[in-house]
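Take a look at the structure set out below.
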Amino acid sequence: MKALIVGAGGYNGGNVARLLAARGHTVRGLVRDSARAASALKEAGIDDVVQGDAITGAGLHQALTGVDTAFYFVHALDAPDRRTDERDLRAARQFVRAAQTAGLRQGVFFTTLAPPRGARPPIYQHNRLRVEEILLDGIPGMSAVRAGMVLGARSRGLLPYVKLVQRAPIVPLGPWCANRIAVIDPATVTEAIVAAGTDAALAGRSLDAPVCAQPTHQELVRAIATTLGLRRLIVRSPIATPRLDAALIAAVTGEPYGFCRYLSSGNEHDYVIDPARSEPFGGLNPPSLREALRHALRGPRPHPVREPNRGPGGRR
Ligand SMILES: NC(=O)c1ccc[n+]([C@@H]2O[C@H](COP(=O)([O-])OP(=O)(O)OC[C@H]3O[C@@H](n4cnc5c(N)ncnc54)[C@H](OP(=O)(O)O)[C@@H]3O)[C@@H](O)[C@H]2O)c1
Numbered sequence: 484m485k486a487l488i489v490g491a492g493g494y495n496g497g498n499v500a501r502l503l504a505a506r507g508h509t510v511r512g513l514v515r516d517s518a519r520a521a522s523a524l525k526e527a528g529i530d531d532v533v534q535g536d537a538i539t540g541a542g543l544h545q546a547l548t549g550v551d552t553a554f555y556f557v558h559a560l561d562a563p564d565r566r567t568d569e570r571d572l573r574a575a576r577q578f579v580r581a582a583q584t585a586g587l588r589q590g591v592f593f594t595t596l597a598p599p600r601g602a603r604p605p606i607y608q609h610n611r612l613r614v615e616e617i618l619l620d621g622i623p624g625m626s627a628v629r630a631g632m633v634l635g636a637r638s639r640g641l642l643p644y645v646k647l648v649q650r651a652p653i654v655p656l657g658p659w660c661a662n663r664i665a666v667i668d669p670a671t672v673t674e675a676i677v678a679a680g681t682d683a684a685l686a687g688r689s690l691d692a693p694v695c696a697q698p699t700h701q702e703l704v705r706a707i708a709t710t711l712g713l714r715r716l717i718v719r720s721p722i723a724t725p726r727l728d729a730a731l732i733a734a735v736t737g738e739p740y741g742f743c744r745y746l747s748s749g750n751e752h753d754y755v756i757d758p759a760r761s762e763p764f765g766g767l768n769p770p771s772l773r774e775a776l777r778h779a780l781r782g783p784r785p786h787p788v789r790e791p792n793r794g795p796g797g798r799r
């Protein structure tokens, strides 16, 4: 198949590009700055590169021409004007228009888990759910693969936690530290994304990726400290708001406040998978939380990954 990766220079986009190339697919990447993304593209085995921008629509037509499937990873989390939502929605609409013109048959949007039924989505999940709606409503063969946190050394989900544990001998966590978050290793989630974008039986569906575990935030922080061989005192601060948490995480980790604000908004609820939505990936075999963290933080440790099931579950 000929596959397009929109956001090929990013963390998850790069992982998907590498796996597709290793499986013998032809891979094209759309990036905003080919010079900046050069080493990531080279490492991912992509030499067919289109420079463009999903928000303005530049390069989308060229990038989508002759493509069988497209993988969409665009997220304007680093928007300097903090207009992340406006940018992400505009990009999704541009992509839909270009995909309709090009007659795109299949694709995947990789996104985050939804909050519990009935809960009002915080800013991060609200953004991702609206983008999912635009993409899946506009492109019949487009699927969504939702996941909690990807446990990769360079994953933007895990990195702030690791920096927090490395830099703060006393780790203050708000009352949300008892909420659960699904975590998944990069190898398994990459398999799931590739399956959703290449298996015609999974086209047009909204699915949950499998999990390594669903720890509380406190258990996750403890596991990261243990993996890094660090003794950390975790204290529960009685008061926490997403803004306060974001300011604290930004101060300790050096990540931009706007990014931390989105990230910390996702602490408010449990983010766990719905087993029925994950059923088509039942053949995948994620490692344990301990193994996944060891692999992410201490170096490679291969684990077996089986092919996904062709089961009937997980329909939108
Ligand atoms: N990391 C996790 O733990 C995790 C977990 C669940 C779901 N996800 C989902 O994964 C997706 C990608 O996130 P990531 O973690 O891989 O972060 P990332 O490495 O920052 O990737 C985001 C990508 O979006 C691209 N992008 C931003 N604005 C663009 C534009 N206007 N035109 C074209 N490309 C643009 C970036 O391109 P540049 O290279 O040019 O900056 C980058 O490649 C998001 O939908 C996120 O919700 C991530």
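Numbering (the numbering used here), first residue to last: 484 to 799.
Glycine is no exception: its CB is placed at the ideal position from the N, C-alpha and C atoms.
No experiment lies behind these values; they were computed from the predicted model shown.
- In this structure, Leu767 sits away from Pro669, with a CB-CB distance that is not shorter than 7 Å.
- In this structure, Ser689 has its CB at a distance of at least 6 Å from all heavy atoms of ligand 1.
- In its own chain, leaving out the 5 sequence neighbours on each side, no residue places its CB closer than 6 Å to the CB of Arg781.
- Taking all protein chains in view, the Cβ of Ala575 is crowded by 16 or more other Cβ atoms within 10 Å, so the residue is classified as buried.
- Ala518 is classed as exposed because its beta carbon has fewer than 16 other beta carbons within 10 Å across all chains shown.
- For Val648, same chain residues with a beta-carbon under 8 Å away, outside a window of 5 residues either side, are Val654, Val704, Ile707, Ala708, Leu711, Leu713, Arg715 in chain order.
- Looking from the CA of Val633, the closest CA among Met625, Ser626, Tyr644, Gly624 belongs to Tyr644.
- By the CB criterion at 7 Å, Arg515 and Asp530 fall outside the cutoff.
- In this structure, Leu772 and Cys695 form a Cβ contact; the two beta carbons are roughly 5 Å apart against a cut-off of 8 Å.
- Rounded to whole angstroms, the separation of the alpha carbons of Asp620 and Val579 is 9 Å.
- Fully contained in the segment 623-686 are the following alpha helix (DSSP H) runs of length 4 or more, in chain order: 642-650, 669-681.
- When only Cα atoms are considered, Asn750 and Asn662 end up about 7 Å apart.
- If you compare the alpha carbons of Gly590, Thr724, Thr736 with that of Pro605, the shortest gap goes to Thr724.
- In this chain, the beta strand (DSSP E) harbouring Arg719 covers 716-719.
- In this structure, DSSP gives Ser522 a helical state, which the three-state scheme calls helix.
- With 16 or more other Cβ atoms from the protein chains shown falling within 10 Å of its own Cβ, Ala779 counts as buried.
- Every beta strand (DSSP E) stretch that sits fully inside the segment 691-772 and reaches 3 residues is listed by chain position as 716-719.
- Between ligand 1 and the CB of Arg573, the shortest heavy atom gap is not smaller than 6 Å.
- Arg760 places its beta carbon less than 7 Å from that of Leu690.
- Counting only residues of its own chain and dropping the five nearest sequence neighbours on each side, Ala636 has a CB closer than 6 Å to the CB of Ala779.
- The three-state secondary structure of Ala553, taken from DSSP, is strand.
- Inter-residue distance for Leu560 and Tyr745 is about 8 Å (C-alpha atoms, whole angstroms).
- According to the DSSP secondary-structure assignment, Val510 is paired through a beta bridge with Ala486.
- The shortest C-alpha to C-alpha distance from Arg639 to any of Arg511, Leu487, Ser747 is the one to Ser747.
- Per DSSP, the beta-bridge partners of Gln589 are Thr552.
- When secondary structure is reduced to three states using DSSP, Thr539 falls in the coil class, being assigned neither helix nor strand.
- Assigned with DSSP and collapsed to three states, Asp531 falls in strand.
- Burial state of Gln583 is exposed, judged by a 10 Å Cβ sphere holding fewer than 16 other Cβ atoms.
- One Cα belongs to Leu727, the other to Gln608, and the distance between them is close to 19 Å.
- Thr595 has its CB nearer than 6 Å to a heavy atom of ligand 1.
- Per the DSSP secondary-structure output, Ser517 pairs with nothing in a beta bridge.
- In this structure, the C-beta of Tyr494 approaches ligand 1 to less than 6 Å from one of its heavy atoms.
- When distances are taken from the beta-carbon of Val677 to the heavy atoms of ligand 1, even the shortest one reaches 6 Å or more.
- For Ala585, the closest alpha carbon among the candidates Val550, Arg613, Glu738 is that of Val550.
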